[in-house]
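Engineer: In the UniProt record's numbering, the protein residues as written are 1 to 882.
Note that CB positions come from ideal geometry on N, CA and C, so glycine has one too.
As the structure is a computational prediction, the values presented were derived from the model and not from experiment.
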C-alpha cells in the first residue's frame with residue numbers, strides 16, 4: 001500500500017520541473033534502530049532480519065542481456081576458509097552489481113566433490129565418502145548463505161552426483177569416438193602414500209606429490225590418456241583472441257605451459273625381449289618431412305628406458321637391447337644411451353630422433369656407432385611444404401600423431417587408481433578388447449564398498465560383483481574398467497552444465513550454450529592458472545570443434561584473486577608458534593617462554609603455521625557485511641591480502657558514519673514542514689551546496705562503476721564510496737533537509753554499497769525511505785522496493801565528463817563534454833572539436849601527425865590514425881605530412 005501527499009516545491013533544478021514531496025509506505029521497514037549508536041549486536045540483528053530478504057531476483061528474461069559470472073567451485077572440505085570468503089564475496093558483489101544494471105545474471109554454485117581428500121577422510125572414519133561429502137556440502141552451503149551470497153540454487157550440483165558424472169562419462173565417449181582417447185602402457189608417476197597415479201603436472205620440481213608430499217616412484221602401467229596435444233596449436237592461437245580481457249600474465253603462463261608448436265609427435269612401436277619396456281613410445285621431431293630418413297634413437301641416462309636394463313656399465317655411450325620401429329618405413333632403429341652434450345636434444349626431452357641427412361652431429365654419431373646412413377633428398381621449398389603436409393596427413397589418418405605441438409607438452413593422463421571418482425565407461429573383453437559402454441547404460445555408477453573392512457584402501461578392484469558385466473559387442477563375459485577419472489575431468493566442463501543442469505538427454509543443449517556461453521567473468525585462484533584452465537580450455541576447444549559451443553575460448557574475462565595471508569610466527573630454527581606464545585616488546589616479537597627473538601612473516605593461511613582465521617569467528621565478532629567490506633577493501637582483488645586487525649578501524653568507522661548519516665537525514669526530514677517546502681531557495685550557499693552534491697554524486701558514480709567493471713578494483717570502488725560519504729557529511733542542515741541533490745547523492749551512496757554489503761545497505765535504505773518528506777519523484781528511485789531492486793545509478797546526461805586528448809603521444813588538451821552528448825559522438829566528431837581549437841595549429845606546427853589518442857572519464861578510449869581522418873585536418877599546417 002502506498003500513500004502520496006503532494007506539495008508544490010520550487011528551487012533551481014537541472015530538469016526544470018516542479019518537485020513533489022512524497023510520503024509512502026516502504027516495502028521492508030527494517031528494524032528502525034536509528035536512535036541507537038551502531039554496535040556489533042545491532043549488525044547481527046540487521047543481518048538476521050534481512051538474511052532471507054536479500055536474495056530477491058527478477059529472474060531470467062529473454063529481453064535482458066546475459067552476464068555469466070562464475071567463481072571456481074569449491075571442494076567440500078566442511079568449512080569455508082578466508083580464501084573462500086574472498087572469492088565468493090567478490091563473485092557475489094559483481095553478480096549483484098550486474099543484476100542491478102538490468103542484466104540477466106547467471107551466477108551458479110556447485111561442488112568439486114570427487115577426489116583424494118574426501119576419500120582419505122572417509123577411509124580414516126570408515127564411512128562412505130558419499131555420506132561424508134554430503135555432510136560437508138550441507139555445512140558449507142549454510143556458511144555461504146551466512147556470507148550473504150545469492151547463487152542460482154536451481155543450478156547447484158556436485159560432481160559426485162550420478163546425474164552429473166553420467167555426462168562426464170558422455171564427454172569421455174565423445175573424446176573416444178573422435179580419436180582423442182587412448183590406453184597405453186607407459187611409465188607413470190606413482191604416489192606410494194595415496195596409492196594412485198599422478199599426471200606429470202601433479203608432481204612438483206622436487207619430485208613430490210602435490211597432495212601427499214611423497215617422493216614419486218615410477219611404474220609401468222596401462223593407463224588412459226586424452227590426446228590434448230591435438231589441440232595444442234589451437235590452444236596457443238586462442239590466447240590471441242581479441243575478446244579476452246584482463247588475462248594479464250595468465251596468457252604467459254598458458255603460453256609457457258603449451259610451448260611453441262614447432263614440431264610434431266609420432267608414435268613408435270618398441271620391440272625387445274627384455275621385460276620392463278613399454279610397447280610403444282612417443283617421439284618428437286621438428287623435421288617431420290624427413291621422418292623416413294630417421295636412423296636411430298638416442299636417450300639420455302635420465303630416461304626411464306635407460307634404466308630398464310640393469311647394467312654395471314658406466315660408459316657414456318651404450319646400446320640397448322631394444323629397438324623402435326619407424327612407422328613410415330617399418331625400419332627397426334637402434335636405441336643408444338648417450339649424454340645430451342653429444343647430440344642436440346630438444347628442450348624438455350630425454351629422447352632424440354637421429355636424422356643424419358640433416359645434422360653433422362648425427363652423421364658423426366652414425367660413424368662412431370657404425371650406423372649406415374644415406375644422403376637425404378633435396379627438396380625445394382614448395383616440395384618441402386608438400387612433403388611435410390603429406391607426412392602429417394598420413395600420421396593423422398593412422399592416429400599416430402601428426403599435429404603441431406611443442407617438445408614439452410604431453411598428453412593428459414586421466415587414470416586414477418582410487419575409488420572416489422567418475423568411473424571410466426569402458427569394459428574389457430578377452431575377445432573384443434576394450435569396448436565403450438553404450439550410452440543407454442550410462443551412468444556407470446560407483447558401487448558401494450564395505451568400509452568396515454580392515455583393508456581401508458579399497459578400490460574398484462574390490463567390488464567383485466560390480467566388475468562382472470557383458471561385452472556390448474559380442475555379449476560375452478567382460479570386466480569393467482577399475483580406474484576412475486582424474487577430478488580435473490569433472491571440473492573441465494562444469495561451467496557448461498550450469499547453463500542446463502536439469503537436462504536428462506544431453507550434457508547441455510546447444511541452444512542454451514549459444515545463449516549463455518562463454519562465461520563473461522571467471523573468478524578464481526592463480527594456482528589454477530595452468531592445469532585447470534588448460535584442461536577447461538581444451539574441452540571447450542574440442543566441443544567448439546564439434547559445433548556444440550559458440551566460441552573456442554570459454555572465459556572472456558579473468559579475475560585472478562590473490563591469497564589471503566596470515567601473520568606467522570616462528571623461531572629461527574623454523575618451528576612455528578601460536579600467537580598466544582608470542583609477546584610484542586619494544587625490540588620486536590619474542591617467544592614468551594624463552595624471550596628469544598621471533599621471525600614474523602605474512603604467509604598463506606595454514607593450520608600448521610597457526611596463522612589461519614576461522615571465518616565463522618570473524619562473522620560473530622564483526623558481522624558478515626563488515627567482513628565482506630574488510631575482505632574487499634584496502635588492496636586490489638588480484639593482490640595478496642594481509643589479514644590484520646590494523647586495517648579494521650577504517651571500515652568500522654565508515655559503517656558508523658553511514659549509520660549516523662541516515663539517522664541525521666531522518667531527523668532533518670521529520671523537522672521539515674509542508675510550509676518549509678514552499679520556500680523558494682535562492683540562498684547562494686544552498687545553491688552552491690546543491691551544485692556540489694550534483695557534482696559529487698556524478699563524479700563518484702563514474703568512479704565506482706568504472707572500478708567495478710573496467711579496472712576490477714573493488715578496493716578502489718570502496719575508497720570512492722568513502723569519498724562520497726565525505727562529501728555528503730560536509731552538507732549543512734539546510735542542505736540535508738531541503739536539497740534534492742543531497743537526497744539523490746545519499747540514495748546513490750546506499751545503492752552502490754548494496755552489492756558489497758547487502759544486509760547493511762538494506763537497513764540503511766529502509767531508514768532512508770522512512771524519512772517523512774522526499775523530494776525525488778521522477779522514477780529515478782523506486783521507493784516501494786528494497787535497495788537491491790533499485791537500478792544501478794548512471795552519470796547524469798548533463799554532467800560534463802573529461803576527455804583527455806593526446807597528439808603524437810603528448811598531452812594537448814582536456815575537453816569537458818556533457819555525457820549525453822559524448823554518448824552519441826563519434827571519434828571524428830571529437831577530432832573536429834580538437835582541430836577547431838585555436839591552439840591546435842601551434843601545437844602541431846612543423847610536425848607530422850601520426851596519432852590522436854582520446855580517453856574519456858567513462859572509460860572509453862580510442863587511438864585514431866590521422867590517415868583515416870585526413871579530411872578533418874588536411875589544411876591545418878603546410879609543413880606536416882599526412
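Residue 442 to residue 747, Cα distance in whole Å?
Structural biologist: The alpha-carbon atoms of residue 442 and residue 747 are separated by roughly 55 angstroms.
Engineer: With distances taken between CB atoms, is the gap from residue 564 to residue 140 smaller than 8 angstroms?
Structural biologist: No. Outside cutoff.
Engineer: Suppose the cutoff is 6 angstroms on Cβ atoms and the five residues either side in sequence are ignored; what does the same chain contact list for residue 345 look like?
Structural biologist: Once the five neighbours on either side are set aside, the close Cβ partners of residue 345 are 352.
Engineer: Below 8 angstroms CB to CB, which residues in the same chain sit around residue 207 once its five sequence neighbours on both sides are set aside?
Structural biologist: Only 215 and 216 meet the Cβ criterion.
Engineer: Decide if the region 524-532 is in contact with the region 177-186; the criterion is three or more beta carbon pairs, one per stretch, under 8 angstroms apart.
Structural biologist: The region 524-532, when compared against the region 177-186, does not touch it at the 8 angstroms Cβ threshold.
Engineer: Taking Cβ positions, are residue 737 and residue 636 nearer each other than 8 angstroms?
Structural biologist: Going by C-beta atoms, residue 737 is not nearer than 8 angstroms to residue 636.
Engineer: If you run the structure through DSSP and keep just helix, strand and coil, what is residue 565?
Structural biologist: Note: residue 565 maps to strand in three-state DSSP.
Engineer: Can you give the Cα-Cα distance for residue 722 and residue 654, rounded to whole angstroms?
Structural biologist: For residue 722 and residue 654, the distance between alpha carbons rounds to 7 angstroms.
Engineer: I need the straight-line Cα distance from residue 448 to residue 105, nearest angstrom please.
Structural biologist: If I take the Cα positions, the gap works out to 39 angstroms.
Engineer: Hey, out of 708, 590 and 750, whose CA is closest to residue 657's CA?
Structural biologist: The residue with the shortest Cα to Cα distance from residue 657 is 750.
Engineer: Bridge partners for residue 111 per DSSP, in chain order?
Structural biologist: Answer is 158.
Engineer: Check this for me: beta carbons of residue 299 and residue 362, under 8 angstroms apart or not?
Structural biologist: For residue 299 and residue 362, no; Cβs fall outside 8 angstroms.
Engineer: On the CB-based measure, 16 or more other CB atoms within 10 Å of its CB, does residue 196 come out buried or exposed?
Structural biologist: Result: buried.
Engineer: Say whether the region 644-654 touches the region 621-629, bearing in mind that this needs 3 or more beta-carbon pairs closer than 8 angstroms, one atom from each stretch.
Structural biologist: Short answer: they touch.
Engineer: Suppose you measure from the CA of residue 358 to the CA of residue 172; what does that come to, to the nearest Å?
Structural biologist: Looking at the two C-alpha atoms, the distance is approximately 41 angstroms.
Engineer: Identify the residues that DSSP records as bridge partners of residue 429: which are they?
Structural biologist: Answer is 433.
Engineer: Taking residue 360 as the reference, which of 420, 374 and 347 has the closest Cα?
Structural biologist: Closest by alpha carbon: 374.
Engineer: What are the partner residues of residue 284, as DSSP defines its beta bridges?
Structural biologist: Beta-bridge pairing links residue 284 to 265.
Engineer: Does the distance from the C-beta atom of residue 403 to that of residue 232 stay below 8 angstroms?
Structural biologist: Contact flag set, yes.
Engineer: State the start and end residues of the unbroken beta strand (DSSP E) segment that holds residue 321.
Structural biologist: Element bounds for residue 321: 317-325.
Engineer: Where residue 302 and residue 491 are concerned, what is the direct C-alpha to C-alpha distance, given to the nearest angstrom?
Structural biologist: Looking at the two C-alpha atoms, the distance is approximately 34 angstroms.
Engineer: So residue 119 and residue 420 are supposed to be a Cβ contact under 8 angstroms. How far apart are they, rounded?
Structural biologist: That pair is a contact at about 4 angstroms.
Engineer: Is it the case that the Cβ atoms of residue 181 and residue 224 are separated by a distance below 8 angstroms?
Structural biologist: Contact: yes.
Engineer: Taking DSSP as the reference, what is the three-state secondary structure of residue 72?
Structural biologist: Looking at residue 72 - three-state DSSP - the assignment turns out to be coil, as it is neither helix nor strand.
Engineer: Please return the same chain residues whose Cβ sits closer than 6 angstroms to the Cβ of residue 690, not counting the five positions on each side in sequence.
Structural biologist: Excluding sequence neighbours, residue 690 sits near 739 and 741.
Engineer: Could you please give the first and the last residue of the uninterrupted alpha helix (DSSP H) stretch that includes residue 588?
Structural biologist: Segment 588-591 is the beta strand (DSSP E) holding residue 588; no alpha helix (DSSP H) there.
Engineer: List the residues that DSSP assigns as beta-bridge partners of residue 296.
Structural biologist: Note: residue 296 sits in a beta bridge opposite 354.
Engineer: Can you find the residues in the same chain that come closer than 6 angstroms, C-beta to C-beta, to residue 271, ignoring five residues on each side of it along the sequence?
Structural biologist: Closer than 6 angstroms at the Cβ level, and outside the excluded window around residue 271, lie 323.
Engineer: Do residue 50 and residue 74 have their beta-carbon atoms positioned less than 8 angstroms apart in this structure?
Structural biologist: Not a contact, by the Cβ cut-off of 8 angstroms.
Engineer: By DSSP, does residue 607 sit in helix, in strand, or in coil?
Structural biologist: Correct three-state label for residue 607: helix.
Engineer: For residue 117, which residues in the same chain have their Cβ closer than 8 angstroms to its Cβ, ignoring the five residues on either side in sequence?
Structural biologist: These residues qualify, in order along the chain: 75, 77 and 211.
Engineer: Measuring only the C-alpha atoms, how far is residue 17 from residue 780?
Structural biologist: For residue 17, the predicted model reports a pLDDT of 36, less than 50, meaning its position is unreliable and no value from the coordinates is stated.
Engineer: Are the beta-carbon atoms belonging to residue 549 and residue 513 less than 8 angstroms from one another?
Structural biologist: A contact, by the Cβ cut-off of 8 angstroms.
Engineer: Do residue 376 and residue 294 come within 8 angstroms of each other at the CB atom, strictly closer than that value?
Structural biologist: It is not a contact, given that the beta carbons lie outside the stated cut-off.
Engineer: In whole angstroms, give me the CA-to-CA distance for residue 859 and residue 239.
Structural biologist: In this predicted model, residue 859 has a pLDDT of only 46, less than 50, meaning its place in the structure is not dependable; the value taken from the coordinates is given anyway. Rounded to whole angstroms, residue 859 to residue 239 spans 24 angstroms at the Cα level.
Engineer: Using three-state DSSP, classify residue 597 as helix, strand or coil.
Structural biologist: Residue 597: strand per DSSP, three-state reduction.
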